[in-house]
Structures are given as structure tokens and as C-alpha cells.
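Just so you know, this note's numbering puts 57 at position 57 of the sequence shown, and the rest follows in order with no gaps.
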Amino acid sequence: LELTDQFEWDLACKRNHPERFAERLCHDLRLPPEFVTAIAHAIREQLHMYAKSLLLLDHRFDGAPFDHEELAACFLPPLVPCATAVRSLEQS
């Protein structure tokens with residue numbers, strides 16, 4: 001079984017907890033409890049990778065926007081407009 005999902009996560013928000021998010025996601029998708037740990041771990045891994053990348057670029061984590069365009073594009077891939085996604089699904 002493989003789960004792939006995308007969501008935005010605010011690194012600066014102290015109220016965000018990967019474990020709570022994973023519990024809610026598993027509950028909503030009716031996944032077995034053992035998925036909670038795996039999902040929370042995957043989220044934490046990615047959060048640490050992004051935080052480390054930002055620290056290496058001397059980002060201050062003071063609420064200022066991230067202004068490195070090339071890396072921002074990697075962190076925030078372009079969103080596909082809903083209408084385009086719907087047309088793509090209808091054509092397949």
C-alpha cells in the first residue's frame with residue numbers, strides 16, 4: 001500500500017504537529033494505526049530537510065519571506081489550476 005499526498009506546512013507555526021496531523025489523516029482515510037507513525041516520520045523527515053536547507057542559506061526564520069527564487073521553486077512547485085486538472089482527468 002502506498003500513500004502519496006501533498007499539503008503545505010508552515011515551518012514557523014508551533015501549533016503544527018506531524019503526529020496529530022498523521023492521526024487525523026489516518027482517521028479520515030480509515031488507515032490502520034501503524035500508518036500514523038510512518039506518516040509522521042515522513043513529515044518530520046521532510047521538515048528537517050527543508051529547515052536544514054534554509055539554515056544553510058542563512059534564513060533567519062523571523063517571518064520574512066524566503067527570497068531565493070531558485071530554491072523557492074523547489075520548495076513550492078507550481079500549482080496546477082483546478083480547471084486544467086479537471087480537463088486532464090476528463091480527457092483520460
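All C-beta atoms, glycine included, are put in the ideal place defined by N, C-alpha and C.
Please read these numbers as outputs of a predicted model, since none were measured by experiment.
Residue i, enclosing alpha helix (DSSP H) - first and last residue
i     : result
GLU45 : 34-56
ARG24 : 18-29
Contact under 7 Å by Cβ, residue i with residue j
i     : j     : result
ALA40 : GLU8  : no
LEU11 : ALA51 : yes
Residue i Cβ short of 6 Å to the ligand ATP heavy atom set
i     : result
LEU25 : With respect to the ligand ATP, the structure offers nothing, as it holds no ligand at all.
Given residue i as reference, the closest of the options once Cα atoms are compared
i     : options                    : result
GLU2  : ASP58, PHE35, GLN46, ASP62 : PHE35
CYS26 : ASP67, ARG15, LEU56, THR4  : THR4
GLN6  : PHE61, LEU54, ILE43, HIS59 : ILE43
HIS17 : ARG60, THR37, GLY63, LEU57 : THR37
Per-residue DSSP class, three states only, for residue i
i     : result
ALA12 : coil
GLU2  : coil
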